[in-house]
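In terms of this note's numbering, the sequence shown opens at residue 255 and continues consecutively. Here a beta-carbon is modelled for each residue, glycine too, at the ideal position from N, C-alpha and C. Predicted model, so just to flag it, every value in this text is computed and none were measured. Let me begin by presenting the structure, written as structure tokens, before commenting on it.
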Amino acid sequence: MIEFNTHINLLPHLPGMHYLEVPQEIVQQLGGKLKLRLHCTVNGSLTFQCGLMALGQGRAYISISKKRMQALGLQCGDQARVKLEKDDSKYGTAVPEEFEELLRQDDEGARRFGLLTAGMQRYIINHVGVVKSTQLRVDRAITLIENLKQLPEGKEEFRAILGLPPR
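As structure tokens, then:
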């Protein structure tokens, strides 16, 4: 576990996107790698799963949504206390029960899902998990896995998994 103070800043290349800066020395304490998943606790009250993104000069950042900032009562420029812990979960994000059950029942779907990059897996899991309705999560999970199974291996793109035409 690593704790440090930082500020909430605005990413210049992504208008409206706020972030928590992770200083170079903290990145080094985490092993100097950006490809790891973490649990981030802000001001001791809000914990979420995240990853590090390169900021330059050995620094990194963790994006923080407006919703999370509102829940914390924070604004751009405010100081925050951050606690980081390595996330050793299989996917680095919470997996909806409906999606786990589908993967248990569909061997080919689970195999194809397992071939995807970790980032693509998280994207699909999050796409299923953002809806509140249990039935919609089930429907979404089935649709995504069925679409995935129809694609040639190694040619999976999220738009195609969603059933959308290529751009």
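Unbroken alpha helix (DSSP H) stretches of 4 residues or longer found wholly inside the stretch 319 to 359: 320 to 326 and 351 to 359, given in chain order. CA-to-CA, the gap between A308 and H272 works out to about 14 Å. Going by beta carbons, I318 and I262 fall inside the 8 Å limit. For T371, DSSP records no beta bridge to any residue. Secondary structure in the stretch 263 to 310: the beta strand (DSSP E) runs of 3 residues or longer, each lying completely within the stretch, are 272 to 276, 291 to 296, 300 to 305 and 307 to 310 in chain order.
The C-beta distance from Q303 to D341 rounds to 6 Å, short enough to meet the 8 Å contact threshold. Burial state of R413 is exposed, judged by a 10 Å Cβ sphere holding fewer than 16 other Cβ atoms. A check of alpha carbon separations from E354 across L416, I378, H267 and R313 identifies I378 as the nearest. For F412, no pairing in a beta bridge is given by DSSP.
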